[in-house]
Amino acid sequence: MNQHDAATASPETFATFEMHGSVLVVKVQLTEIRDTKTSYDFRDVVLAQLARQPVVHIVFDCAAVKFIGSVGFLAFLGVRRAQPTGRIVLCNLQTQIREMFQICRLLARNEMDTAPPFEASATPETALAMLHAQ
């Protein structure tokens, strides 16, 4: 789905959700998050899901996402703000998207980066294993 389809989209076109114990896996359905409306609509769909059930940690599966503009980071930060405790893990990130998260210090670049708001994992399965191992 591109940014122009967002106005007529249902929540399922932004993301699908699965619970794994106390971990919510959010499978992002958007290919691009580049404009304000799409970004905030995506954030609101995720926040509505968080309001429906207790969640400790969140995994975002970003396999479908090919581009995130600067405003797209606000969607993820909005979820972080609403979920101040627990861990949020991003997985299946395209290399350029991962690098942008790191440049913005939203993901650790190395062991010297402390307390970034998000963590990264290769796949949802490895993210779940990380979260359940703590």
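Using the working numbering, you'd call the opening residue of the sequence shown number 54 and step up by one each time.
Backbone N, C-alpha and C fix where the C-beta goes; we use that ideal spot for every residue, glycine too.
Nearest neighbour of lysine 119 by Cα position, chosen from Phe126, Gln136, Val112, Thr148, turns out to be Thr148. The continuous alpha helix (DSSP H) containing methionine 183 extends over residues 177-186. If you look at glutamate 152, you'll find it in the alpha helix (DSSP H) that goes 148-156. Between leucine 77 and the set Arg162, Asp94, Ile121, Val142, the nearest pair of CA atoms involves Val142.
Contact annotation: the stretch 127-138 touches the stretch 154-171, with at least three C-beta pairs closer than 8 Å. Scanning its chain for C-beta atoms nearer than 8 Å, with the 5 sequence neighbours on each side dropped, one finds around glutamine 136 the residues Leu103, Val108, Ile111, in chain order. Relative to the Cα of proline 169, the nearest Cα in the group Arg105, Thr84, Leu159, Phe70 belongs to Leu159. For glycine 139, same chain residues with a beta-carbon under 6 Å away, outside a window of 5 residues either side, are Val109, His110 in chain order. Judged by beta-carbon spacing, aspartate 94 lies within the 8 Å limit of phenylalanine 67, meaning their Cβ atoms are closer than that value. The continuous alpha helix (DSSP H) containing leucine 127 extends over residues 123-135. According to the DSSP assignment, serine 174 belongs to the beta strand (DSSP E) that extends over 172-174.
Within 10 angstroms of the beta-carbon of asparagine 163 lie fewer than 16 other beta-carbons, which makes it exposed.
Look at alanine 104 here: in three-state DSSP terms it is helix.
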